[in-house]
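Participant: Pasting a structure below so you can have a look.
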Ligand SMILES: Cc1ncc(COP(=O)(O)O)c(C=O)c1O
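In the numbering used here, the protein residues as written are 109 to 505.
See the structure below:
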């Protein structure tokens with residue numbers, strides 16, 4: 109059955125149709141999430157979901173596998189067109205087909221940007237706590253790290269202090285690596301915040317690389333705005349990174365892309381590949397094309413399911429674990445939980461692993477400001493989520 113055959117069903121019928129409540133054994137497949145710990149540990153760490161991809165993706169992959177020949181792929185012009193149409197539809201962002209540069213993944217994408225635009229004596233600006241490979245990007249490229257901390261308010265809401273942002277930039281800062289929606293703090297930045305950061309970058313001649321891998325995972329009342337869409341001037345100095353990988357749970361198929369409308373930036377970016385960074389994978393292209401062409405209903409249903417998980421967590425923590433503080437993320441399927449009130453300022457993830465047999469990411473891995481926090485991945489069937497929450501409760505009992 110295609111997605112379009114099932115429109116008209118209620119949310120719970122759609123959850124059922126797409127199998128979001130179904131627990132699928134992943135321990136038999138090579139999964140980093142499910143094989144890193146002993147079998148009795150419930151893994152709620154690495155950011156992939158425990159859901160099957162949209163039916164259309166599986167059908168397209170079956171058909172491609174059935175073909176049986178897997179030689180070097182041609183640049184997929186249909187996918188390029190789908191992406192362009194999608195950017196126009198979702199963000200009123202109109203780019204030419206050649207602006208899209210396919211990538212094996214987004215980590216490769218921002219590391220490539222760092223190598224393309226920052227020399228050894230120059231700096232990369234990141235805002236911590238942030239996705240660990242972003243924290244590590246400056247060191248990985250052998251460039252200076254110009255870090256600032258996000259500001260955490262009393263209620264757990266994170267903001268960017270624009271004075272600190274401006275003060276962090278020196279004459280050597282070449283590139284700002286933005287994460288929006290933000291992993292792990294769950295912010296979907298508003299237009300005014302993006303405008304303020306972009307204005308400073310333009311004025312201080314700092315290029316922007318915007319990691320927008322979570323841009324489809326946005327909850328009610330929030331809207332994703334690619335920073336490059338703010339103005340032609342911002343667009344001209346921005347590399348935007350997007351992918352269907354988080355959205356449709358196909359990270360292992362390796363397909364992402366950079367949107368670089370500025371031809372000069374694009375040339376420098378491509379040149380930095382240096383024969384080391386390839387393009388997306390053949391099956392990644394197949395899956396991405398099917399997901400973008402036919403996965404919309406699945407995605408809308410997923411968002412409803414994730415929102416239900418998110419709200420269940422908030423209720424559960426308030427009722428049973430009030431010493432843990434979590435603010436509802438505006439996007440992503442990642443919860444950022446402050447464990448300091450439970451006396452777990454040091455290594456809370458290790459505590460939950462040892463005492464509760466449940467695996468989270470340690471907040472400290474996300475850089476300064478992450479200590480005493482855990483990141484919990486709630487992209488899973490509700491029964492598993494409840495199991496994880498129960499394990500936390502028992503660990504703290
Ligand atoms: C912000 C962010 N960027 C990049 C990635 C990984 O991207 P990829 O697997 O395409 O390299 C993740 C995965 O969690 C992420 O959260």
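Just so you know, even glycine gets a beta-carbon here, dropped at the ideal spot from N, CA and C.
Taking any heavy atom of ligand 1 as the mark, which residues have a C-beta closer than 7 Å to it, listed down the chain?
Facilitator: Those satisfying the condition are, in chain order, 155, 213, 214, 215, 216, 239, 241, 242, 287, 291, 319, 321, 322, 351, 353, 354, 359, 364.
Participant: Count the other C-beta atoms from every protein chain shown that fall within 10 angstroms of the C-beta of residue 306, then say buried if there are 16 or more, exposed otherwise.
Facilitator: Its Cβ being crowded by 16 or more others within 10 Å, residue 306 is buried.
Participant: For residue 353, count neighbouring C-beta atoms within 10 Å of its own C-beta (all shown protein chains included) and say buried if the count is 16 or more, exposed if not.
Facilitator: Classification for residue 353: buried.
Participant: Determine the burial state of residue 178: buried for a count of at least 16 other Cβ atoms within 10 Å of its Cβ, exposed for fewer.
Facilitator: Classification of residue 178: exposed, given that the 10 Å Cβ count is below 16.
Participant: Figure out for me which residue from 251, 452, 211, 300 has the closest Cα to the Cα of residue 351.
Facilitator: Among 251, 452, 211, 300, the Cα nearest to that of residue 351 belongs to 211.
Participant: Determine the closest residue to residue 233 out of 204, 216, 275, 196, with distance taken between C-alpha atoms.
Facilitator: Comparing Cα-Cα distances from residue 233 to each of 204, 216, 275, 196, the minimum goes to 275.
Participant: Go ahead and pull the three-state DSSP assignment for residue 412.
Facilitator: Of the three classes helix, strand and coil, the one that applies to residue 412 here is helix, per DSSP.
Participant: Suppose only complete runs of 4+ residues qualify. What are the alpha helix (DSSP H) ranges in the segment 140 to 191, listed by chain order?
Facilitator: Whole alpha helix (DSSP H) segments, 4+ residues: 140 to 143, 163 to 175.
Participant: Please give the ranges of any beta strand (DSSP E) in the segment 419 to 491, keeping only runs that are unbroken, at least 3 residues long and fully inside the region.
Facilitator: List check, beta strand (DSSP E) in window: 442 to 446, 481 to 485.
Participant: Please report the straight-line C-alpha distance between residue 204 and residue 313, rounded to a whole angstrom.
Facilitator: Cα-Cα distance, rounded: 25 Å.
Participant: Roughly how many angstroms lie between the CA atoms of residue 169 and residue 437, to the nearest whole one?
Facilitator: If you take the alpha carbons of residue 169 and residue 437, they lie about 32 Å apart.
Participant: In the DSSP assignment, the beta strand (DSSP E) including residue 318 goes from what residue to what residue?
Facilitator: Here the beta strand (DSSP E) through residue 318 covers 315 to 319.
Participant: My output table needs one value for residue 276: the three-state DSSP class, helix, strand or coil.
Facilitator: Helix, per DSSP.
Participant: Excluding five sequence neighbours on each side, which residues of the same chain lie with their C-beta closer than 6 Å to the C-beta of residue 223?
Facilitator: Once the five neighbours on either side are set aside, the close Cβ partners of residue 223 are 249, 380.
Participant: Could you give the uninterrupted runs of the alpha helix (DSSP H) lying entirely in the segment 245 to 310, keeping only those of 4 residues or more?
Facilitator: Entirely contained in the segment 245 to 310, the alpha helix (DSSP H) runs reaching 4 residues are, in chain order, 245 to 249, 270 to 276.
Participant: Would you call residue 175 buried or exposed, if buried means 16 or more other Cβ atoms sit within 10 Å of its Cβ?
Facilitator: When all chains shown are included, residue 175 counts as exposed.
Participant: Which class does residue 215 belong to by DSSP, given the choice of helix, strand or coil?
Facilitator: Residue 215 falls in the helix class under three-state DSSP.
Participant: Return the CA-CA distance between residue 504 and residue 292, expressed in angstroms with no decimal places.
Facilitator: Distance between the alpha carbons of residue 504 and residue 292 is about 23 Å.
Participant: Contact between the segment 265 to 275 and the segment 293 to 301: three or more CB pairs below 8 Å?
Facilitator: Contact between the segment 265 to 275 and the segment 293 to 301 is present, because at least three Cβ pairs lie under 8 Å.
Participant: Under 8 Å by Cβ, that's how I've got residue 445 and residue 486 pegged, so tell me the actual separation to the nearest angstrom.
Facilitator: In fact, because the Cβ distance is near 11 Å, the residues do not count as touching under 8 Å.
Participant: When DSSP builds the beta bridges, which residues end up paired with residue 366?
Facilitator: Note: residue 366 sits in a beta bridge opposite 209, 349.
Participant: Leaving out five residues before and five after residue 501 in sequence, what residues of the same chain have Cβ atoms less than 7 Å from its Cβ?
Facilitator: Cβ within range, chain order: 428, 429.
Participant: Can you list, in chain order, the residues of its chain with a C-beta nearer than 8 Å to that of residue 378? Leave out the 5 residues immediately preceding and following it.
Facilitator: Hits under 8 Å: 209.
Participant: Anyone know if the C-beta pair for residue 236 and residue 476 falls short of 8 Å?
Facilitator: Cβ atoms of residue 236 and residue 476: closer than 8 Å.
Participant: Closest by CA to residue 509, which one among 456, 484, 399, 406?
Facilitator: Shown here, the chain extends from 109 to 505; a query on residue 509 therefore has no answer.
Participant: For residue 470, count neighbouring C-beta atoms within 10 Å of its own C-beta (all shown protein chains included) and say buried if the count is 16 or more, exposed if not.
Facilitator: It counts as buried.
Participant: Residue 337 and residue 201 look like a contact to me (Cβ under 8 Å); what is the Cβ gap, rounded to whole Å?
Facilitator: Yes, they are in contact, since the Cβ atoms of residue 337 and residue 201 sit about 5 Å apart, within 8 Å.
Participant: Which of the three DSSP states, helix, strand or coil, is assigned to residue 229?
Facilitator: Coil at residue 229, not helix or strand.
Participant: How many angstroms separate the CA atom of residue 452 from the CA atom of residue 327?
Facilitator: Cα-Cα distance, rounded: 30 Å.
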